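**Student:**
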Amino acid sequence: MKLRRFLSIVPKTVQLWAWVLVGCALLIGLVVGYKTADQGAMLRTMTTYGSAALVLGIVLAIWLLCLGFVFADARRRDMRSALWVLVAALFPHLLGFLLYFVMRHPIAATCTHCGMTVSNPQRFCSWCGTAQFQPNSAKGPLTANPSQGASQ
Ligand SMILES: [Zn+2]
2 MKLRRFLSIV
12 PKTVQLWAWV
22 LVGCALLIGL
32 VVGYKTADQG
42 AMLRTMTTYG
52 SAALVLGIVL
62 AIWLLCLGFV
72 FADARRRDMR
82 SALWVLVAAL
92 FPHLLGFLLY
102 FVMRHPIAAT
112 CTHCGMTVSN
122 PQRFCSWCGT
132 AQFQPNSAKG
142 PLTANPSQGA
152 SQ
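Going by our numbering, the final residue of the sequence shown carries number 153, and the count climbs one at a time with no gaps.
(1) Am I right that Val103 and Trp85 are in contact with their C-beta atoms under 8 Å? What's the rounded C-beta distance?
(2) What residues in its chain sit with their C-beta under 7 Å from that of Leu100, if we drop five residues either side in the sequence?
(3) Measuring CA to CA, which of Ser127, Lys36, Val33, Leu96 is closest to His114?
(4) Cβ of Thr118 versus every heavy atom of ligand 1: is any distance shorter than 7 Å?
(5) Only counting the same chain, and skipping five residues up and downstream in sequence, which positions put a Cβ closer than 7 Å to that of Met80?
(6) Applying the 10 Å Cβ sphere with the 16-neighbour rule, what's the burial state of Cys129?
(7) Answer yes if the region 8-19 comes into contact with the region 35-42, meaning at least three C-beta pairs across the two stretches below 8 Å, and no otherwise.
(8) Does any heavy atom of ligand 1 sit closer than 7 Å to the C-beta of Thr49?
(9) Of all the options Ile29, Val23, Asp74, which has the alpha carbon lying nearest to the alpha carbon of Met47?
(10) Compare the beta carbon distance of Gly58 and Val11 with 8 Å and say whether it is the shorter of the two.
(11) State the DSSP-derived secondary structure class of Ala110, mapped to helix, strand or coil.
(12) Given the structure, does His114 come close to ligand 1, in the sense that its CB is under 7 Å from one of the ligand's heavy atoms?
(13) Using a 10 Å radius around the Cβ and a threshold of 16 neighbouring Cβ atoms, would you call Ala75 buried or exposed?
(14) At which residues does the alpha helix (DSSP H) containing Thr49 begin and terminate?
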């Protein structure tokens, strides 16, 4: 996936927090380096601690961006976004992310009349009641196969 497309999905607030996180990590690393440094090797200790903290901060920021991506992506697929963020955050070794990408639904359609999100099995918008034409079937909403609706 292209980075620009990834970032266009991640909410702006989450991106801001990721930058704040990197900045804070660098600052903490420099301060810790400054406090623990001996008189002679001040610059070297600060550089070591600072760069280690920077790497840690960047890793955490990427993790945060991925959680933001899962949140926004789950929402536009009409899935439980908060639940999936928890799954992605709590499962070890990125298994939660893997699980999300295996389980995720196709992108939910939007109502042609009011623009709200309508999940794919729905034949009528739950916000305004307009009949929905499903893009993944050639038939119109009213002539759809009843067994197809029952299986979903
Ligand atoms: Zn509608």
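Cβ atoms here follow ideal geometry from the backbone N, Cα and C, with glycine treated the same way. Predicted, not measured: the structure shown is a model, and the values here were computed from it.
**Tutor:** The answer reads as follows:
(1) Counting from 1 along the sequence shown, the entry for residue 103 is found at position 102. Counting from 1 along the sequence shown, the entry for residue 85 is found at position 84. Not a contact, Cβ separation roughly 12 Å.
(2) Residue mapping note: residue 100 aligns to position 99 of the sequence shown, counting from 1. The residues are Val88, Phe92.
(3) Position 113 of the sequence shown, counting from 1, holds the residue named residue 114. Comparing Cα positions, the closest option is Ser127.
(4) Within the sequence shown, numbered from 1, the residue matching residue 118 stands at position 117. Not under cutoff, so the answer is no.
(5) Residue mapping note: residue 80 aligns to position 79 of the sequence shown, counting from 1. If we look at Met80 and ignore the five residues flanking it on each side, its Cβ neighbours are Arg105, His106.
(6) Against the sequence shown, residue 129 aligns to sequence position 128. Exposed, since its Cβ has fewer than 16 Cβ neighbours within 10 Å.
(7) no
(8) Along the sequence shown, one-based indexing puts residue 49 at 48. No - ligand 1 has no heavy atom lying nearer than 7 Å to the Cβ of Thr49.
(9) As a working note, residue 47 is residue 46 in the sequence shown. The residue with the shortest Cα to Cα distance from Met47 is Ile29.
(10) For the purposes of this step, residue 58 is taken as the residue at position 57 of the sequence shown. For the purposes of this step, residue 11 is taken as the residue at position 10 of the sequence shown. Result no, Cβ atoms of Gly58 and Val11 do not sit closer than 8 Å.
(11) Residue numbering aside, residue 110 sits at position 109 when the sequence shown is read from its first letter. In the structure shown, Ala110 sits in a strand (DSSP, three-state: E or B).
(12) Numbered from 1 along the sequence shown, position 113 holds the residue referred to as residue 114. Yes, ligand 1 has a heavy atom inside 7 Å of this Cβ.
(13) Here residue 75 refers to the residue found at position 74 of the sequence shown. Its Cβ being crowded by 16 or more others within 10 Å, Ala75 is buried.
(14) Residue 49 sits at position 48 when you count from the first residue of the sequence shown. From DSSP, the alpha helix (DSSP H) with Thr49 extends over 43-77.
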